[in-house]
Amino acid sequence: KRDDVQMEAKQLYETYANWCFRNGEHQLKNRTFYRILETQGFKRERGNRNKYYIKGVTLVDQNNTDKQSKLLEKEGNSENVTKSNKFKIS
């Protein structure tokens, strides 16, 4: 969790939904998605123009995610990683 970043909640959910579609994963309803984020310590707060933001969240660069996956495969840890673990936020 990073205190210096935030992301519009709607944009984060849409990115998540697109990721689920592209990867054949079951998409959570938006309320469930936000509840899970809250259990992880990420709060949804109202910002400007009645938009909601998730504080402490940003998307990870796809190149970093690919590098992480390759590193896990090299180390023999890939059996511990599922598709649903690859949607990364920080």
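If you read the sequence shown in the UniProt record's numbering, its first letter stands for residue 1, the second for the next number, and so on.
From the three backbone atoms N, C-alpha and C, an ideal C-beta is built for every residue, glycine too.
Where does residue i land, buried or exposed, given buried means 16+ other C-beta within 10 angstroms?
i      : result
Val-60 : exposed
Val-81 : Only weak support exists for where Val-81 lies, its pLDDT of 44 falling under 50; the coordinates are left without a value.
Ile-54 : buried
Which whole-angstrom value describes the C-beta separation of residue i and residue j, a residue pair presumed to lie in contact below a C-beta threshold of 8 angstroms?
i      : j      : result
Gln-11 : Val-57 : The pair is not a contact, with the Cβ atoms about 10 angstroms apart (cut-off 8 angstroms).
Tyr-34 : Arg-44 : 5 angstroms
Starting from residue i, follow the alpha helix (DSSP H) in both directions and report where the run begins and ends.
i      : result
Arg-31 : 30-39
Residues in the same chain with beta-carbon distance under 7 angstroms from residue i, minus the five sequence neighbours each way, listed in chain order, please.
i      : result
Arg-46 : Tyr-52
If you measure from the beta carbon of residue i to each beta carbon in chain C, is any gap under 8 angstroms?
i      : result
Gly-41 : The structure shown contains no chain C; it holds only a single protein chain.
Spatial neighbours of residue i within its chain, please: C-beta separation below 6 angstroms, excluding the five flanking residues on both sides.
i      : result
Phe-42 : Ile-54, Gly-56 and Val-57
Tell me where the beta strand (DSSP E) around residue i begins and ends.
i     : result
Glu-8 : 6-8
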